[in-house]
Amino acid sequence: MQEYIENGVKLGWLIDRQNKTAYVYRADGSITQYPESATLSGEDVVPGFTLALKVLL
0 MQEYIENGVK LGWLIDRQNK TAYVYRADGS ITQYPESATL SGEDVVPGFT
50 LALKVLL
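Per numbering that gives the first Met the number 0, the very first residue in the sequence shown carries number 0; after that it's consecutive.
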(Lines of atoms letter the chains of each structure in order from A and count residues from 1; the text may use other names and numbers.)
(Lines give C-alpha, C1' and ligand atoms only; values in the text may rest on other atoms or scores of the structure.)
Protein backbone atom coordinates (compact mmCIF):
# COMPACT_ATOMS: atom_id res chain seq x y z
CA MET A 1 0.00 0.00 0.00
CA GLN A 2 2.85 2.35 0.75
CA GLU A 3 3.87 2.31 -2.91
CA TYR A 4 0.38 3.38 -3.96
CA ILE A 5 0.38 6.27 -1.49
CA GLU A 6 3.86 7.34 -2.61
CA ASN A 7 2.56 7.47 -6.18
CA GLY A 8 -0.39 9.74 -5.45
CA VAL A 9 -3.22 7.55 -4.22
CA LYS A 10 -5.14 9.53 -1.60
CA LEU A 11 -7.05 6.70 0.09
CA GLY A 12 -6.50 2.96 0.13
CA TRP A 13 -8.32 0.13 1.85
CA LEU A 14 -6.44 -3.06 2.60
CA ILE A 15 -8.96 -5.75 3.51
CA ASP A 16 -7.61 -8.61 5.63
CA ARG A 17 -10.24 -11.35 5.34
CA GLN A 18 -8.28 -13.81 7.47
CA ASN A 19 -8.15 -11.49 10.49
CA LYS A 20 -11.47 -9.79 9.69
CA THR A 21 -10.03 -6.28 9.75
CA ALA A 22 -9.33 -3.44 7.34
CA TYR A 23 -6.46 -1.00 7.21
CA VAL A 24 -7.13 2.44 5.79
CA TYR A 25 -4.12 4.22 4.33
CA ARG A 26 -4.26 7.97 3.74
CA ALA A 27 -2.13 10.42 1.77
CA ASP A 28 -0.94 12.08 4.99
CA GLY A 29 0.77 8.80 5.94
CA SER A 30 -1.74 7.77 8.60
CA ILE A 31 -2.91 4.17 8.80
CA THR A 32 -5.98 3.17 10.79
CA GLN A 33 -7.07 -0.39 11.58
CA TYR A 34 -10.80 -1.12 11.69
CA PRO A 35 -12.64 -4.17 13.08
CA GLU A 36 -15.22 -6.22 11.18
CA SER A 37 -18.04 -4.16 12.72
CA ALA A 38 -16.81 -0.89 11.17
CA THR A 39 -18.26 1.01 8.25
CA LEU A 40 -15.62 2.25 5.83
CA SER A 41 -15.94 5.71 4.35
CA GLY A 42 -14.80 7.22 1.07
CA GLU A 43 -13.87 10.28 3.15
CA ASP A 44 -13.07 13.30 0.95
CA VAL A 45 -11.98 11.09 -1.98
CA VAL A 46 -15.46 9.65 -2.65
CA PRO A 47 -17.77 11.86 -0.56
CA GLY A 48 -20.86 10.12 0.76
CA PHE A 49 -19.65 6.59 -0.05
CA THR A 50 -19.80 4.09 2.81
CA LEU A 51 -19.49 0.33 2.98
CA ALA A 52 -20.06 -1.98 5.93
CA LEU A 53 -16.84 -3.98 6.28
CA LYS A 54 -18.75 -7.13 7.27
CA VAL A 55 -20.21 -7.23 3.73
CA LEU A 56 -16.70 -7.83 2.37
CA LEU A 57 -15.69 -10.35 4.99
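Think of the CB as a built atom: it goes at the ideal place given N, C-alpha and C, for glycine as much as any other residue.
Fair warning: this is a prediction, and the values are worked out from it, not measured in the lab.
Unbroken alpha helix (DSSP H) run spanning V54, endpoints: L52 to L55
Cβ-Cβ distance between L52 and L39 below 8 Å: yes
Three-state secondary structure assigned by DSSP to Q1: helix
DSSP beta-bridge partners of D15: T20
Residues that DSSP places opposite P34 in a beta bridge: T20
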